[in-house]
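Student: Those protein sequences? They're chains D and S, same order as listed.
Numbering-wise (this note's numbering), the first sequence opens with residue 1 and increments by one.
Numbering-wise (this note's numbering), the second sequence opens with residue 1001 and increments by one.
Every residue, glycine too, gets a C-beta built ideally from N, C-alpha and C.
Predicted model only: the values in this text are computed from it and were never measured.
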Amino acid sequence: MVMKPRLRKLALTAHLVASMGWLGAVVVFLALAVIGLTSQDAQTMRGAYLVMQPAAWWVLVPLAVASLLTGIVQALGTTWGLFRHYWVLFKLLINVVATVVLLMYMRTFGIMARTASDPATSPSSIRALGASPSQHAALALMLLLVATLLAVYKPKGVTRYGQRKQRAEQAQRRAVSVR
Amino acid sequence: MASLPEVDTRENPGRYTPMPRWVKVSGVIALVVMLVVVITLLARGPHRPDMTGGGDIPASNTVAPGSGHDSGWWGH
């Protein structure tokens, strides 16, 4: 079912806002992670880890899910389809993997926040939480940039499923025009 | 974003357009990255409690240094 132009533009706008918002939020998280890792001020370090958990729940997760859902709506509501073109398929896989990893990482944010909020925990122990948040944020940023590049350049490549669908549609159009 | 989907206009129904090179290269890169991640996870082994040496992290908040968390099967 192909969406009408106005509805398609609305869906596209929603998808762009969610996806670019997600990308921007990941950049902020990368900055927070680096601050948590490198800051010499104990308060700043604790604050960085403390804010990650609520910010992830209220910003990262909703944007990730919104990006995934609006992307699926966009694909299914246009002639691009969800599985017909490789660039769409790759974007879908990137989005699903990134969202699943994010949801699994929420537990880690909780552990880090609890560690940072405990006044008995020394700054060196908080620093010992390691570079995991920054590594994950950097990887997420790379994946989202790749997805953005795919969306803009739309490299050629039709899947076998897509080729079968196109041929079926062409055959149908020919049959209709012959009548 | 106004570009149209490409259409395979060949008439021969039995043959498919070959997979583009960028898909093959990307697939290989993704596979290599996944293998590296799996091998790294296997090499690190299970998490051990309080490896920090500081002794001042409450047991409920203990995480292995350098990994930052325990998150189930993904567990770094």
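Measure the C-alpha to C-alpha separation of S/G1054 and D/G24 and round it to an integer number of angstroms.
Tutor: The residue you call residue 1054 of chain S lines up with position 54 of the second sequence. The residue you call residue 24 of chain D lines up with position 24 of the first sequence. Low per-residue confidence applies at S/G1054: pLDDT is 41, beneath 50, and the placement is therefore not dependable enough to give any value.
Student: Checking contacts by CB at 8 Å: is S/G1054 closer than that to chain D?
Tutor: As a working mapping, residue 1054 of chain S is identified with position 54 in the second sequence. Only weak support exists for where S/G1054 lies, its pLDDT of 41 falling under 50; the coordinates are left without a value.
Student: Over what stretch of residues does the alpha helix (DSSP H) that includes D/T108 continue unbroken?
Tutor: What you label residue 108 of chain D is simply residue 108 of the first sequence in a count that begins at 1. Boundaries of the alpha helix (DSSP H) harbouring D/T108: Y86 to S117, taken from the DSSP string.
Student: For S/T1017, which residues in chain D fall below 7 Å Cβ to Cβ?
Tutor: Start at 1 with the first residue of the second sequence, and residue 1017 of chain S comes out as number 17. Those within 7 Å of S/T1017 in chain D are V158 and Q163.
Student: How about D/A33 and D/P123: are their beta carbons less than 8 Å apart?
Tutor: Here the question's residue 33 of chain D lines up with position 33 in the first sequence. Here the question's residue 123 of chain D lines up with position 123 in the first sequence. Result no, Cβ atoms of D/A33 and D/P123 do not sit closer than 8 Å.
Student: Less than 8 Å between C-beta atoms, sequence neighbours within five positions excluded: which residues of the same chain meet that for D/Q170?
Tutor: Numbered from 1 along the first sequence, position 170 holds the residue referred to as residue 170 of chain D. So no residue of the chain qualifies.
Student: Cβ closer than 7 Å: which chain S residues qualify as neighbours of D/F90?
Tutor: By 1-based counting over the first sequence, the position of residue 90 of chain D is 90. The answer, in chain order, is S1026.
Student: Could you tell me which of D/S177, D/T115, D/R114 and D/I94 sits nearest to D/M145, measuring between CA atoms?
Tutor: On the first sequence, position 145 is the one that residue 145 of chain D refers to. Here the sequence assigns Leu to residue 145 of chain D, which means Met is not the residue at that position. Nearest C-alpha to D/L145: D/I94.
Student: Kindly indicate if chain S contains any beta-carbon less than 8 Å away from that of D/P123.
Tutor: Within the first sequence, the letter at position 123 stands for residue 123 of chain D. D/P123 does not count as touching chain S.
Student: Please confirm whether S/I1029 has its beta-carbon closer than 8 Å to some beta-carbon of chain D.
Tutor: For the purposes of this step, residue 1029 of chain S is taken as the residue at position 29 of the second sequence. No, S/I1029 lies away from the interface with chain D (no Cβ there is under 8 Å from its Cβ).
Student: Kindly indicate which residue of D/R127, D/P155, D/G81 and D/V17 has the alpha-carbon position closest to the one of D/Q166.
Tutor: Sequence index remark: in the first sequence, residue 166 of chain D carries index 166 (1-based). Distances from the alpha-carbon of D/Q166 to those of D/R127, D/P155, D/G81 and D/V17 put D/G81 closest.
Student: Looking only at its own chain, which residues have a Cβ that is under 8 Å from the Cβ of D/L180, when we skip the five neighbours before and after it?
Tutor: Not covered by the structure: residue 180 of chain D. The range shown for chain D is 1 to 179.
Student: So D/P243 contacts chain S; which residues on that side make the cut at Cβ distance below 9 Å?
Tutor: As displayed, chain D neither begins before 1 nor continues past 179, which places residue 243 of chain D out of reach and without an answer.
Student: Does the CB of D/Y86 have a neighbour CB from chain C at under 8 Å?
Tutor: In the structure shown, chain C cannot be found, because the protein chains are D and S.
Student: For D/L68, which residues of its own chain have a beta-carbon under 6 Å away from its beta-carbon, when the five flanking residues on both sides are left out?
Tutor: As a working mapping, residue 68 of chain D is identified with position 68 in the first sequence. If we look at D/L68 and ignore the five residues flanking it on each side, its Cβ neighbours are N95 and T99.
Student: Which residues in the same chain as S/G1075 place their Cβ atom closer than 6 Å to its Cβ, once the five residues preceding and following it in sequence are excluded?
Tutor: By 1-based counting over the second sequence, the position of residue 1075 of chain S is 75. Because the pLDDT at S/G1075 is just 43, under 50, the model does not fix this residue reliably, and the value given afterwards should be weighed accordingly. Around S/G1075: no qualifying Cβ.
Student: Name the one or two DSSP bridge partners that D/V158 has.
Tutor: As a working mapping, residue 158 of chain D is identified with position 158 in the first sequence. Answer by DSSP bridge pairing, in chain order: D/H85.
Student: Helix or strand or just coil, what does DSSP make of S/T1017?
Tutor: The residue you call residue 1017 of chain S lines up with position 17 of the second sequence. Of the three classes helix, strand and coil, the one that applies to S/T1017 here is coil, per DSSP.
Student: Since D/G77 and D/R8 should fall inside the 8 Å C-beta cutoff, what is the C-beta to C-beta distance between them, to a whole number of angstroms?
Tutor: Numbered from its first residue, the first sequence carries residue 77 of chain D at position 77. Numbered from its first residue, the first sequence carries residue 8 of chain D at position 8. Right, the Cβ-Cβ distance comes to about 6 Å (below 8 Å), so this counts as a contact.
Student: How is the alpha helix (DSSP H) around D/L129 delimited, first residue to last?
Tutor: For the purposes of this step, residue 129 of chain D is taken as the residue at position 129 of the first sequence. Going by DSSP, D/L129 is part of no alpha helix (DSSP H) at all; its letter is neither H nor E.
Student: For D/L30, which residues of its own chain have a beta-carbon under 7 Å away from its beta-carbon, when the five flanking residues on both sides are left out?
Tutor: Position 30 of the first sequence, counting from 1, holds the residue named residue 30 of chain D. S134, A137, A138 and L141, listed in sequence order.
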